[in-house]
Structure formats: structure tokens, C-alpha cells
Amino acid sequence: MGIYLKDINLKGKTALITGATKGLGRGAAEAIAESGGNIIAIGRNQSELDSLGKKIRKLKVKYTSFKCDVNNYNKIKNFINNLKQLDVLVNNAGTNIPETFLNVKKSSLETILNVNTKAVFNIAQLCANQIIKLKKKQGSIINISSIFGLVAGQKRTVYSMTKFGVEGLTKGMALDLAKYNIRVNSVCPNIVLTPRTKKYFDDKKYNKYVKDNTPIKKVVTISDVATSITFLASEASSMITGSSIVIDGGWTAK
Amino acid sequence: MLKKINLKNKTALVTGSGKGLGKACAIALAEAGARVIILSRTKSDLDKVSKIIKRTKGSSKSFVCDVTQLKEFKKILQKITRLDILVNNAGNNRPEHFTKVKQENMEYLTNLNMKAAFNVAQLCSQKMVKAKNRKKIGGSIIHMSSQLGKVGCEGRNVYNMNKFGVEGLARGMAVELAEYNIRVNTVCPTFVETPMVKKFFKNKKFKKQMLDNIPLRRAAKESDVATAVAFLAADSSEMITGTSLVVDGGWTAQ
């Protein structure tokens with residue numbers, strides 16, 4: 050900590066991360082652990098949770114994992130309500146099934162709404178209540194949104210509907226939780242190269258579409274997003290709430 | 008995974024850095040390792056800032072300059088060999104009800120907050136693109152905007168006009184300078200505990216009215232804004248361009 054420059058430091062803080070085993074969630078877990086934060090990882094795959102644990106423990110922070118589908122409300126409620134430490138939530142678990150509006154299947158709509166909207170809401174509510182119950186002086190919740198929470202994209206109607214929703218939720222939560230000094234923000238990345246999006250990038254046409262729409266002609270990395278998440282999680286951003294950090298290489302500036 | 012806020016080997020120019028936010032930004036950038044060029048109209052203010060930077064083992068160079076005097080600023084730029092970061096900070100405000108705004112105040116504020124902001128940004132960009140390795144090492148321009156670049160406020164119509172303008176300028180610049188890997192963003196603070204705002208806050212009624220509009224019920228500290236600026240200046244934000252970091256305690260989320 051300098052006179053005016055605040056460190057991105059999460060020593061002594063505990064962060065719960067959903068969808069922690071892959072992609073952005075895994076990156077967030079690693080970045081938060083690198084800045085000293087303890088990690089509670091939620092994911093569906095035990096062996097991936099274990100391999101993440103190996104990596105996190107090397108950074109000399111505490112690691113807890115819980116195998117659970119974020120749609121399983123009762124199971125996750127029971128887990129969160131019994132946490133002894135919680136300061137930060139990275140509300141990351143999300144999904145997408147790209148289909149043109151006219152052909153969106155009822156099952157796709159259900160799946161995306163359940164994960165990206167209902168589970169995001171439920172986990173945020175459970176964690177906020179727990180942070181308040183633990184009488185923490187401050188807290189930070191980061192919802193993982195997207196540029197498609199700000200603008201539309203082809204075959205992204207349901208995804209945009211859910212991510213625009215997350216933007217609204219973020220602002221509403223920020224107002225309701227301000228009196229507890231719990232800050233709520235979102236990060237809005239461009240399409241990040243992750244295990245889930247790799248199949249899109251393999252398509253040459255899609256690859257070109259992303260590059261053509263990104264003025265800085267680079268793909269956003271997991272590390273770019275994880276750094277912004279960690280900044281928002283830490284007290285380096287103690288006056289930032291109800292807002293979004295847009296990590297899109299200029300996509301939405303056009 | 009985490010990209011630290013590190014400005015080693017970077018040169019940053021901060022306008023209006025004799026006091027308030029500019030001073031805080033200059034010191035924060037120096038704390039992150041940058042060589043800082045500080046500009047102000049008042050030599051005694053510059054001397055004080057240089058002293059603080061020296062005390063923290065940072066490096067700075069100062070020039071007396073009124074940024075509305077384009078020729079003066081051009082001459083100073085000629086004396087600088089390298090420039091990687093611009094914090095386009097110099098600005099002012101003279102609150103008046105719209106029907107009562109004096110012509111001279113509108114002229115003064117618009118010349119400083121828009122015209123000088125544009126000119127300084129253009130001249131610095133021209134200098135920055137000349138560096139042969141610019142594309143590789145990147146560059147960053149941060150405009151000091153305001154929450155009033157996002158929403159209206161009583162008695163702030165000229166300031167609103169100026170800062171909404173700066174938001175537009177930042178997006179336009181971001182799109183055009185992307186090809187040089189120069190990123191352009193704004194920081195939008197709420198009321199910050201600066202000498203300028205402390206003067207406004209002497210009016211208790213005004214202070215209460217303002218704090219009632221900030222969900223976190225506190226004014227921002229200079230370090231909150233300076234840290235956000237340092238984050239945008241550094242490679243920690245290397246895919247963030249054409250956007251704003253809103254440091255407003257939730258003001259604009261409502």
C-alpha cells in the first residue's frame with residue numbers, strides 16, 4: 050500500500066467461486082489465491098476440483114471444494130449457510146447454447162435460464178445473507194456477465210436476455226447491499242478463449258467475426274478477466290459498486 | 008494468472024497534477040514504478056508533489072503549464088523523449104443553474120474540460136504512435152471524467168455537457184488508436200475528498216444531499232480514483248479499452 054496506490058491484496062479473505070474447475074472460474078480462483086485469498090471452489094467434477102486444489106494449496110492458502118450442481122438449490126443452500134468464513138463471491142457458473150431466435154429449443158431456454166439467471170440469483174442471495182450473518186465489515190460480489198450483457202450478438206438471444214438480466218441484478222443488489230458495505234459489480238468480457246468457447250474459435254468464420262469486432266486485434270485471455278475480478282474482489286476498488294468492468298478490447302465502444 | 012499493477016519502464020504524463028486528483032494519480036503512478044511528468048499552472052504545487060514522489064523513491068519531472076495554452080503545451084512535449092501513458096486530468100467546475108449560467112463560465116469550462124482535453128490527447132497520441140515498438144508495448148490514455156459524464160445533476164449542466172463529451176471522445180479515440188495498441192478509457196468518480204469538493208461540502212445541506220445519493224454513504228478518497236487510474240494505465244487492463252471505470256459508490260446504479 051502506497052500513499053495513493055492500493056494493493057490488490059486478499060490476504061485473510063475467503064472467496065467462493067462457482068464453476069471453479071474450468072475457464073474463467075479456474076482463472077479467478079488462481080488469481081485470488083495468488084493475491085492471498087482462501088478459496089472455496091464449487092464445481093460438478095470431483096477430479097477437476099482436486100486438481101485445482103493441488104494448484105491452489107501450493108500458493109499457501111486454504112482450499113475447500115464442494116461438488117455440487119449450482120441448480121441444486123437445497124444442497125448449495127445447506128453448504129453456504131454453514132460456511133464459517135466468506136468475504137467474496139465470484140458468481141461465475143454459466144452456460145450458453147447458441148441458436149437463432151426462431152429455432153431456440155424450449156429445453157435450451159430452460160437450461161440457460163436456470164444456470165445463468167436463477168442459480169446466479171440464488172447463490173448471490175445465499176452468499177449475501179451469509180456474509181451479513183458472519184458480521185463482515187465488507188464484502189464483494191462479482192457477477193460474471195459478458196459483452197452480451199451490454200449489446201446483442203448473433204445466436205445469442207437467450208444468452209443476452211440472461212446477461213442483460215445479470216447487469217440489472219448487479220445494480221439492484223448493489224443498492225440493497227450498500228448499507229452492509231457489500232459491493233456488487235460485474236465483469237463483461239468479450240468472447241474469451243476457454244475450454245467451453247474453443248469449439249467456437251475453431252470455426253474460421255467465427256474467429257474472423259470476433260477479430261473483426263475487436264478493435265484491439267487480440268483475444269481476451271482468462272488472465273485478463275481474472276485480474277479484473279481480483280481487483281473488484283479486493284479493497285483496491287472499495288468505492289466501485291453497481292458497475293461493470295468491460296474487458297472487450299473496444300467491442301462495445303463502437 | 009494475476010497481472011499486477013506494474014508501471015516499471017513506463018513514462019506517464021499527468022495534467023493538472025499540482026493538487027487533488029491529478030496529484031494523487033501522479034503519486035500513485037510513481038508508486039507503481041512509472042517515471043512521471045507533472046504539469047500544473049502553479050510552481051509551488053509542483054514542487055510539493057515532486058518532493059513526495061522523491062521521498063517515495065519515484066522519479067518525476069515537472070513543468071509549469073496552462074493546458075489551455077496549446078503552444079505552451081506543445082513546447083513541453085518537445086522536451087519529452089518518451090511517453091507511454093497520459094492521464095488527461097486537468098479540469099474544473101463552476102456550478103450554476105442552467106438559466107443562470109454566465110457566458111464566460113461556459114466558455115471557460117468548455118475550453119478547459121473539452122477543447123484542452125481534446126488537444127492534449129491529440130498531441131500526446133501523435134507522440135505515442137511514433138514510438139517504433141508501440142504496438143508491442145502498448146500505451147494507455149485515461150481521461151478524468153466523472154459520474155456526471157453518465158448522469159445529470161442539478162447545477163452541473165455545463166460540466167455534464169463537458170464530461171458526456173469526454174465519454175464520447177474516449178470511445179472514438181479507442182476505436183481509432185486500437186491499431187497502435189493504445190488503449191483509451193475514462194474514470195468516472197463520484198464526489199472525491201479533494202480541495203475542490205471540500206469547498207462545496209462546506210455547505211452542509213449540499214453535502215448531505217450528495218452523500219444521500221451515494222449508496223455507500225461516503226465520498227470517494229483520492230486513493231480510490233488514483234488506484235483505478237493506475238489499474239487502467241498498467242497491463243493489468245491490457246484488453247480494456249473504450250470503456251469507463253465508474254468509481255461512484257453506486258451513484259449511477261440507481
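Chains as they are written, first to last, in our numbering: chain G, 50 to 303; chain Z, 8 to 261.
The beta carbon of each residue, even a glycine, is placed where N, CA and C say it ideally should be.
Within-8 Å CB hit, residue i to chain G
{"i": "N16 of chain Z", "result": "no"}
{"i": "Q261 of chain Z", "result": "yes"}
{"i": "F207 of chain Z", "result": "no"}
{"i": "S152 of chain Z", "result": "no"}
{"i": "T63 of chain Z", "result": "yes"}
{"i": "R178 of chain Z", "result": "yes"}
{"i": "M8 of chain Z", "result": "yes"}
{"i": "I12 of chain Z", "result": "yes"}
{"i": "E200 of chain Z", "result": "no"}
{"i": "V74 of chain Z", "result": "no"}
{"i": "E3 of chain Z", "result": "Residue coverage of chain Z in this structure runs from 8 to 261, which leaves residue 3 of chain Z outside it and unanswerable."}
{"i": "V182 of chain Z", "result": "yes"}
{"i": "A41 of chain Z", "result": "no"}
{"i": "A185 of chain Z", "result": "yes"}
Within-8 Å CB hit, residue i to chain Z
{"i": "A90 of chain G", "result": "no"}
{"i": "A69 of chain G", "result": "no"}
{"i": "T276 of chain G", "result": "yes"}
{"i": "N171 of chain G", "result": "no"}
{"i": "S96 of chain G", "result": "no"}
{"i": "V295 of chain G", "result": "yes"}
{"i": "S194 of chain G", "result": "no"}
{"i": "I313 of chain G", "result": "Because chain G here runs from 50 to 303, residue 313 of chain G falls outside it and cannot be looked at."}
{"i": "A177 of chain G", "result": "no"}
Paired residues, beta bridge with residue i - DSSP
{"i": "C195 of chain Z", "result": "Z:V253"}
{"i": "I91 of chain G", "result": "G:T67 and G:F115"}
{"i": "C237 of chain G", "result": "G:V295"}
{"i": "Q124 of chain Z", "result": "Here the sequence assigns Ala to residue 124 of chain Z, which means Gln is not the residue at that position. According to DSSP, which records beta bridges pairwise, A124 of chain Z is partnered with nothing at all."}
{"i": "S272 of chain G", "result": "Answer is none; S272 of chain G lacks a bridge partner."}
{"i": "F70 of chain Z", "result": "Z:L46"}
DSSP-derived helix/strand/coil call for residue i
{"i": "R106 of chain G", "result": "helix"}
{"i": "S147 of chain Z", "result": "strand"}
{"i": "N192 of chain G", "result": "strand"}
{"i": "I87 of chain Z", "result": "coil"}
{"i": "I189 of chain Z", "result": "strand"}
{"i": "R205 of chain G", "result": "coil"}
{"i": "T117 of chain Z", "result": "helix"}
{"i": "S157 of chain G", "result": "helix"}
{"i": "S244 of chain Z", "result": "helix"}
{"i": "I92 of chain Z", "result": "strand"}
{"i": "R224 of chain Z", "result": "coil"}
{"i": "N178 of chain G", "result": "helix"}
{"i": "R75 of chain G", "result": "helix"}
{"i": "R48 of chain Z", "result": "coil"}
{"i": "I231 of chain G", "result": "strand"}
{"i": "V163 of chain Z", "result": "The displayed chain sequence assigns Arg, not Val, to residue 163 of chain Z. Of the three classes helix, strand and coil, the one that applies to R163 of chain Z here is coil, per DSSP."}
{"i": "A19 of chain Z", "result": "strand"}
{"i": "R42 of chain Z", "result": "strand"}
{"i": "L138 of chain G", "result": "strand"}
{"i": "P102 of chain Z", "result": "coil"}
{"i": "R62 of chain Z", "result": "helix"}
{"i": "P244 of chain G", "result": "coil"}
{"i": "R217 of chain Z", "result": "A small correction: the amino acid at residue 217 of chain Z is Met; Arg does not occupy that position in the sequence shown. The answer is helix: DSSP assigns M217 of chain Z an H, G or I state."}
is_contact[residue i, chain A] using C-beta, thresh 8 Å
{"i": "N188 of chain Z", "result": "Going by chain labels, chain A is absent from the structure shown, which instead holds the protein chains G and Z."}
Checklist entry - Do the segment 252–261 of chain Z and the segment 225–234 of chain Z touch if we need at least three Cβ pairs shorter than 8 Å? => result yes
Item to check | Near-chain Z residues of the segment 135–159 of chain G - C-beta to any C-beta below 8 Å | outcome: none
Next on the checklist: Residues of the segment 243–254 of chain Z in Cβ contact with chain G at a cutoff of 9 Å, in chain order, please.
Outcome noted: S243, S244, E245, M246, I247, T248, G249, T250, S251, L252, V253 and V254
Checklist entry - When Cβ atoms are compared, which residues of the segment 135–160 of chain Z fall closer than 8 Å to chain G? => result none
Item to check | Members of the segment 15–35 of chain Z that neighbour chain G once the beta carbon cut-off is set at 7 Å | outcome: A31, I34 and A35
Next on the checklist: So if I threshold CB-CB distances at 9 Å, which residues from the segment 213–239 of chain Z count as touching chain G?
Outcome noted: I221, P222, L223, R224, R225, A226, A227, K228, E229, S230, D231, V232, A233, T234, A235, A237 and F238
Next on the checklist: Would you call the segment 86–93 of chain G in contact with the segment 109–120 of chain G, where contact means no fewer than 3 C-beta pairs closer than 8 Å?
Outcome noted: yes
Item to check | Touch test, the segment 134–152 of chain G against the segment 191–204 of chain G, Cβ-Cβ under 8 Å, three pairs minimum | outcome: yes
Checklist entry - Which residues, taken in chain order from the segment 263–288 of chain G, show a beta carbon closer than 9 Å to some beta carbon of chain Z? => result T263, P264, I265, K266, K267, V268, V269, T270, I271, S272, D273, V274, A275, T276, S277, T279, F280, A285, S286, S287 and M288
Next on the checklist: Can you confirm whether the segment 62–73 of chain Z touches the segment 110–118 of chain Z when touching is taken to mean that 3 or more C-beta pairs between the two stretches lie within less than 8 Å?
Outcome noted: no
Item to check | Stretch pair the segment 198–210 of chain Z + the segment 162–180 of chain Z: three plus CB contacts closer than 8 Å | outcome: no
Next on the checklist: Does the contact criterion of 3 or more C-beta pairs under 8 Å hold for the segment 212–219 of chain G versus the segment 11–30 of chain Z?
Outcome noted: no
Next on the checklist: Three or more C-beta pairs under 8 Å: does that hold for the segment 93–108 of chain G against the segment 123–139 of chain G?
Outcome noted: no
Checklist entry - Pairing CB atoms from the segment 133–152 of chain Z with CB atoms from the segment 183–198 of chain Z, are three or more of them under 8 Å? => result yes
Next on the checklist: Taking beta-carbon pairs under 7 Å, can you tell me which members of the segment 97–131 of chain G lie near chain Z?
Outcome noted: none
Checklist entry - Does the pairing of the segment 252–267 of chain G with the segment 153–170 of chain Z give three or more beta-carbon distances under 8 Å? => result no
Checklist entry - Given a limit of 7 Å on CB to CB distance, which residues of the segment 215–228 of chain G reach chain Z? => result K220, A223, L224 and A227
Checklist entry - If you measure beta-carbon to beta-carbon, which residues of the segment 120–131 of chain Z are closer than 7 Å to chain G? => result none
Next on the checklist: Quick check: the segment 233–250 of chain G against the segment 185–192 of chain G, are at least 3 beta-carbon pairs closer than 8 Å?
Outcome noted: yes
Item to check | Three-pair Cβ contact test at 8 Å for the segment 272–287 of chain G versus the segment 50–65 of chain G | outcome: yes
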